[in-house]
Structures are given as C-alpha cells and as structure tokens.
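For the numbering used here, add 1 to where a residue sits in the sequence shown, where the first one is 1.
For glycine and all other residues, C-beta sits at the position ideal for the given N, C-alpha and C.
Here's the structure, in structure tokens; my notes come after.
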Amino acid sequence: MVLEKINQPNDIKSLTDEELKILASEIREFLIEKISVTGGHLASNLGVVELTMALHLALDLPKDKIIWDVGHQSYTHKLLTGRREGFDGLRKYGGMSGFPKRKESECDCFDTGHSSTSISAGLGYALAREITGEDYKVVSVIGDGALTGGMAFEALNNAARLKSNFIIILNDNNMSISENVGGLSSYLAGFRTADAYLDLKLNVLNSLNKMPYGEKMVSKIRKTKSGIKQLLIPGMFFEEMGIVYLGPVDGGNLHGIVKLLREASHIDGPVLIHVMTHKGAGYAPAERHPARFHGTEPFDIETGLPKNPRVKANYTDIFSTVMRKLGDRDEKVVAVTAAMTDGTGLKRFHNMFPERFFDVGIAEQHAVTFAAGLAAAGLKPIFAVYSSFLQRAYDQILHDVCIQNLPVVFAIDRAGLVGSDGETHQGIFDISYLSSIPNMTIMAPKNKWELSDMIKYAVNFGAPIAVRYPRGEAYDGLKEYRAPISIGKCEWIYRESGIALFALGSMVKTAVAVWDALKAEGYPCSIINARFAKPLDEDALRYITEHHKLIVTMEENVISGGFGEHVTEFYNNENGKDIRIVNIAIPDEYVEHGNVELLRKEVGLDADTIIARTIEAYQNVTE
Numbered sequence: 002m003v004l005e006k007i008n009q010p011n012d013i014k015s016l017t018d019e020e021l022k023i024l025a026s027e028i029r030e031f032l033i034e035k036i037s038v039t040g041g042h043l044a045s046n047l048g049v050v051e052l053t054m055a056l057h058l059a060l061d062l063p064k065d066k067i068i069w070d071v072g073h074q075s076y077t078h079k080l081l082t083g084r085r086e087g088f089d090g091l092r093k094y095g096g097m098s099g100f101p102k103r104k105e106s107e108c109d110c111f112d113t114g115h116s117s118t119s120i121s122a123g124l125g126y127a128l129a130r131e132i133t134g135e136d137y138k139v140v141s142v143i144g145d146g147a148l149t150g151g152m153a154f155e156a157l158n159n160a161a162r163l164k165s166n167f168i169i170i171l172n173d174n175n176m177s178i179s180e181n182v183g184g185l186s187s188y189l190a191g192f193r194t195a196d197a198y199l200d201l202k203l204n205v206l207n208s209l210n211k212m213p214y215g216e217k218m219v220s221k222i223r224k225t226k227s228g229i230k231q232l233l234i235p236g237m238f239f240e241e242m243g244i245v246y247l248g249p250v251d252g253g254n255l256h257g258i259v260k261l262l263r264e265a266s267h268i269d270g271p272v273l274i275h276v277m278t279h280k281g282a283g284y285a286p287a288e289r290h291p292a293r294f295h296g297t298e299p300f301d302i303e304t305g306l307p308k309n310p311r312v313k314a315n316y317t318d319i320f321s322t323v324m325r326k327l328g329d330r331d332e333k334v335v336a337v338t339a340a341m342t343d344g345t346g347l348k349r350f351h352n353m354f355p356e357r358f359f360d361v362g363i364a365e366q367h368a369v370t371f372a373a374g375l376a377a378a379g380l381k382p383i384f385a386v387y388s389s390f391l392q393r394a395y396d397q398i399l400h401d402v403c404i405q406n407l408p409v410v411f412a413i414d415r416a417g418l419v420g421s422d423g424e425t426h427q428g429i430f431d432i433s434y435l436s437s438i439p440n441m442t443i444m445a446p447k448n449k450w451e452l453s454d455m456i457k458y459a460v461n462f463g464a465p466i467a468v469r470y471p472r473g474e475a476y477d478g479l480k481e482y483r484a485p486i487s488i489g490k491c492e493w494i495y496r497e498s499g500i501a502l503f504a505l506g507s508m509v510k511t512a513v514a515v516w517d518a519l520k521a522e523g524y525p526c527s528i529i530n531a532r533f534a535k536p537l538d539e540d541a542l543r544y545i546t547e548h549h550k551l552i553v554t555m556e557e558n559v560i561s562g563g564f565g566e567h568v569t570e571f572y573n574n575e576n577g578k579d580i581r582i583v584n585i586a587i588p589d590e591y592v593e594h595g596n597v598e599l600l601r602k603e604v605g606l607d608a609d610t611i612i613a614r615t616i617e618a619y620q621n622v623t624e
C-alpha cells in the first residue's frame, strides 16, 4: 500500500509517477472509508486530492506555508504530513480536528474554519518574510465559493503592492466562476505559463518602444488585447488588480499543477493559479450530490445513505416549515441567506417563493445591510444564519440595523454548542455580542412549538429582533406550556419557592432534569423559561427574590456578557437584593470539537454538574 509509505512531510517526493497515481486512488478510498464511520467533510476533500499532492510535491513543508481557506478541505494535507493514524478520531472529543490546527502540526501554519481569510493571512506571511529576510514560499488555497466573501477581495486589492512571490490557488469547482469559451481562449490560457510568457511580453514591449511611433503601437495593442481577453479569459479580473493569472488547469492533472506551481514560484509579486476541481471526485454518490456530502454524518459506502437517519425533526426543520407558512400568508416576508440555503432550512422557501429569496453568497456583512435596506423599504426580511457566522457582521447589525431600529429578523441557527466542527463553529457568543447593542431584542425557544411561535412573533415585531436556536433534534417536551409571547416576559413552568431555575432556550430541557432530581431530594424548586435574553423580565426577577433564596441562571452561551451576567447586574442595580445567584454558562474559553453531550459535561452544562452546584449553593444559603 503506497499510502503506508507516507509517514512524515515530504515522503511523497520519493514516489514514482506510477506510485503517485496509486496514492491518489488510495487516498480517496481511505477518506471514503474513514469519513463513512466518523462523519466529516467528504466532497470537498475528494475534489482536491491531486491539488494537495501537487502542493506537497512542489513545496518544502513545514518550511513553506500553506493556508487553507475554511480548512475543511485539508484532510489530504493531514494525510501527507503523517497524521494517518489520527483519522479514527477525526472530529471526536480529544481527537484530530477537521480543520488545520497550529497546535496539531507544524505543517498547519494558520488555523481556519470560517471563509475568505486565507489571502489576508498569506499576505501577512509574505510581508513578514520581506521584513525578516527569511526564505520560504507562501500559498493560500481558496475556493470559488469563499471568493465571494468581501474580505477575500479586500486582501486581493492589498496584495497587488507585494513585491515578493505570493501564490494564490483558486480551487474552482464550477460553483461560481464561468468556464472559458472557445478555441482562442484555450490558446491564450495555455500560452500564459509563467516564464516564457513574461519574457516574451517584456521583449516585445521593449522592442516596440524603441521603434518610431512605438508607444502609440503599444497603446493600441494593449487596448485590442485587453478587449479580447476581457471577453475570453476570466483571469483578466485578477490581472487588472495587478495579480498575474495562470491557468486554468485541470484539478486532476497532478503534473500540470506541479509545473505551474514551480513556474509561479519564480514570479515576483502575487500570482493566482486557477485550478478546476470536481467535488466528490472518485465517489459516485458524492459526485451526484456534492451538497449532501459537504458535511456528512456517518453513511453506508455502497448506497451513500446515512447510517442513522433522523426520525424526529430538528430545529432547522421547524424553522423551514414556519417560513413556508409565513411566505404563504404575507407577501412582504423575504428570506436572506449567506450561501447556506440548505443548512439554514430555506430550500423550500426558495422553491416556493424564488422572487422573495436571496442568497448573497458568503457575505454576511453585505447580507445584514442588504436586509436593512429591504426593511427600510417596507419589507419583512428574515436573515437565516449560523451563530458563529453572524459575528462576522457585528458592525452592520449595530450601524445599519439597530441605530435605525429597522425590523430585521435574525434567525440564528446553531446557537450554542455544535459539536464536531470545533471552536470556530461553536455558537456560544451571540447573546454576549447582541445584548450589548441598543434596540436589539433576543429570544430563545424552549422547544419546537415555541420556535414556531417566536418566528411568527418576530416577523411582525417592528424592530430588530433575534431568535437563537440550537443544532439538532427539536425538544418536544412541555407542549402543554405555550403561553402567548409578550415582549420581555418569561413563562413559569413550575412555581414553588426556595430554588429558582431561570433557564434560557435549550437549557429549559436540562432544567426539567435538574428539577426532577432536586424534587426527589426534597428541595423546593421552580422552573422559569426566560424566553428573552434581552429585555429581562424585571417583574419576574423581583418576584423571585421575594419567594426564593437561590436563583440559578442557565444558558448555552459564554458567561462573559451573557444572560446570567445581565441577571446579576439587574440585582446589583436593585440595591443588592438578598438572593444568592449561581450562573451556569460556558466558561470564558474556546470549546473544541467533540460530541455535544461530552462537551456539555466538560463545560459544566450537564444536569449532574448543575444539580451538584445547586445543592451546594442552596445548603450554604440555608445554613
């Protein structure tokens, strides 16, 4: 087995051409086998096998630097840097990350997880190299989807001033960028291969400039050449920015990519190599359904079907259903997403109301201000977005939505711990960063029915409002508790005295388990469904102090700036009400990848930990 010969960086360079062909096949077989068990990002990784091999053949790792945009397509890179044994624990608690990690390998020079960051980071490395006088190559690998992000264009604009070599790989899987057209295009594109092209271009221009009227001739040639290329070569966009464009090259052409990489490394300044890849290459189900195999759960290799298909609806399903109903009832309801149509549950809305659906690409900043414009014009925009991605648009929320008090609904999916994607994707900061903004209202549902009610309420709220809900199966307990939603008002589930479990959103389910255990031990206990992280139900908080000795706040958000801290602040401002407060929240730290239940236990959000802390605190206040 050729793959077994790869145990450390640069081992690939000792292989023959025949062994390289076998290695590509074995890598695909290995990835399919392992990801079918662990789950993970399959389609994108199958598409970049030869591209990754080419990078490792042309570069000297870890001396040279590869920055992977998003990073979910770095599995082959991990294999080629000696991490084969880590794939059994891929994305598991304590195991290997599904993204590049500096602390995992010196061959991972920059942590990634969100999109459109690689060119900026690579430019930083390249400029640092100029300052320090070091000698290493820098390559940023970015997909055509990530290239829709504004940050990528900001970096491209800035990269043009670079004087030393910097290679950008455009991993184009035909999702966003048009193919070239016609024979002349193929000729011109093939002709543009580094040294030969650049030398010829320089010689021709020098010769013409020495001739009588040469400058006018050069000007006319440039205009004619530019016009033809603008029509035929997509790379002219990059050329106009001062970035040399090479390609396109077939993503399966290993030696062709290696050749371009080696030639590109001799060019001073930024160079973009356009590589045409195919998502899911080598596995028919992933080729047919690349979106399904973008991030997949464990699956059956023969059929491509999930091993453990969902039986119950998840929160995204509930959101999808209510959006369809809202679209039917109100023609002013419009939906916005940032390249997450399927992930956020908007596919049905898109199919039914295409003229009222807007996928703006990976551009959260633009999405928020675009939604603000829709709202200012009298529509009812709902921006569906993952919690960890919304944080990229903080200023737009503050500046473009909340200052004007515009009625934009933020449907925040994946709020709380999300599991195997790790710290870049955990949705544990949204309460903290949203609650600091005036005019913003924040809600969180206890179960699937309340999510439906909250979205309906939010659409007609008339001001900025966010509804945060977790990843995974929608809780269907407490169905009988469905009091009408009223701004800033909580819902009492069980009303007694002694201990008040003041829980927000997903933590209400945990509060029920804690309540059962405390009651069994003889402790008097209430459960309050907070519903609103902002504004707080001040009447309820005052009532709690009159009838309880201990309040336990519970949230799936970091403690800093979270729901519990705001409750504590309220009591401090009430001249120190005589009540003990315990804040159950995620510590002020990043949470790595792993099973959600294990992570909840690790950060102290599990029922057993909360029970122990509650009993200890209650005994202290009653002694």
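Buried or exposed by the 16-neighbour rule on C-beta atoms within 10 Å, applied to residue i
| i | result |
| --- | --- |
| aspartate 173 | buried |
| alanine 161 | exposed |
| aspartate 262 | Contrary to the premise, residue 262 reads as leucine rather than aspartate in this sequence. Under this definition leucine 262 is a buried residue. |
| serine 119 | buried |
| histidine 267 | exposed |
| tyrosine 591 | exposed |
| histidine 256 | exposed |
| threonine 17 | exposed |
| threonine 554 | buried |
| serine 437 | exposed |
| glycine 379 | exposed |
| leucine 306 | exposed |
| threonine 639 | In this structure the chain extends from 2 to 624, so residue 639 is not present and cannot be described. |
| threonine 304 | exposed |
Residue i beta carbon near the ligand MN (any heavy atom closer than 7 Å)
| i | result |
| --- | --- |
| alanine 377 | With respect to small molecules bound, the structure shown includes none, and the ligand MN cannot be examined in it. |
Through-space distance from residue j to residue i, alpha-carbon basis
| i | j | result |
| --- | --- | --- |
| valine 312 | tryptophan 493 | 30 Å |
| aspartate 196 | alanine 368 | Note on aspartate 196: pLDDT 49, under 50, position unreliable in the model; no value is reported. |
| leucine 273 | valine 245 | 6 Å |
| isoleucine 229 | methionine 237 | The predicted position of isoleucine 229 is uncertain, since its pLDDT is 46 and thus under 50; no value can be drawn from it. |
| valine 513 | lysine 520 | 10 Å |
| phenylalanine 88 | serine 98 | 9 Å |
| leucine 32 | alanine 467 | 39 Å |
| methionine 2 | isoleucine 429 | 43 Å |
| proline 10 | valine 49 | 18 Å |
| glycine 346 | threonine 317 | 5 Å |
| glutamate 557 | glycine 125 | 35 Å |
| aspartate 109 | tyrosine 387 | 26 Å |
| aspartate 112 | serine 75 | 11 Å |
| proline 525 | serine 498 | 6 Å |
| valine 568 | leucine 537 | 8 Å |
| alanine 127 | leucine 148 | 20 Å |
| isoleucine 302 | glutamate 19 | 27 Å |
| glutamate 365 | lysine 550 | 44 Å |
| leucine 435 | proline 408 | 15 Å |
| lysine 381 | glutamate 356 | 14 Å |
| glycine 41 | serine 421 | 8 Å |
| serine 15 | tyrosine 137 | 21 Å |
| glycine 96 | tyrosine 544 | 47 Å |
| leucine 451 | arginine 483 | Sequence check: residue 451 is glutamate here, not leucine. Cα to Cα, glutamate 451 sits roughly 7 Å from arginine 483. |
| arginine 1 | alanine 55 | No statement about residue 1 is possible, as the shown extent of the chain runs from 2 to 624 and does not include it. |
| phenylalanine 239 | phenylalanine 154 | 10 Å |
C-beta atoms of residue i and residue j nearer than 8 Å
| i | j | result |
| --- | --- | --- |
| phenylalanine 350 | phenylalanine 358 | yes |
| alanine 340 | glycine 114 | no |
| glycine 417 | serine 507 | yes |
| glycine 123 | isoleucine 68 | yes |
| glutamine 405 | alanine 377 | yes |
| tyrosine 470 | alanine 445 | yes |
| alanine 385 | alanine 336 | yes |
| alanine 265 | isoleucine 168 | yes |
| arginine 415 | arginine 472 | yes |
| valine 1 | histidine 275 | No answer is possible for residue 1: it lies beyond the span of the chain, which begins at 2 and ends at 624. |
| glutamate 424 | glutamate 593 | yes |
| valine 559 | serine 433 | yes |
| threonine 623 | valine 583 | no |
Below-8 Å beta-carbon distance, residue i vs any chain C residue
| i | result |
| --- | --- |
| tyrosine 126 | Absent from the structure: chain C. Only one protein chain is present. |
Start-end ranges of the alpha helix (DSSP H) lying completely within the region 322–367, minimum 4 residues: 348–353
Return the chain-ordered ranges of every alpha helix (DSSP H) run that is complete within the region 410–452 and spans a minimum of 4 residues. 431–436
If contact is defined by three or more beta carbon pairs under 8 Å, each pair taking one atom from either stretch, is the region 482–497 in contact with the region 426–441? no
So does the region 387–394 actually touch the region 320–332, counting three or more Cβ pairs closer than 8 Å? no
Length-filtered (3 minimum) beta strand (DSSP E) runs lying within the region 570–608: 581–587
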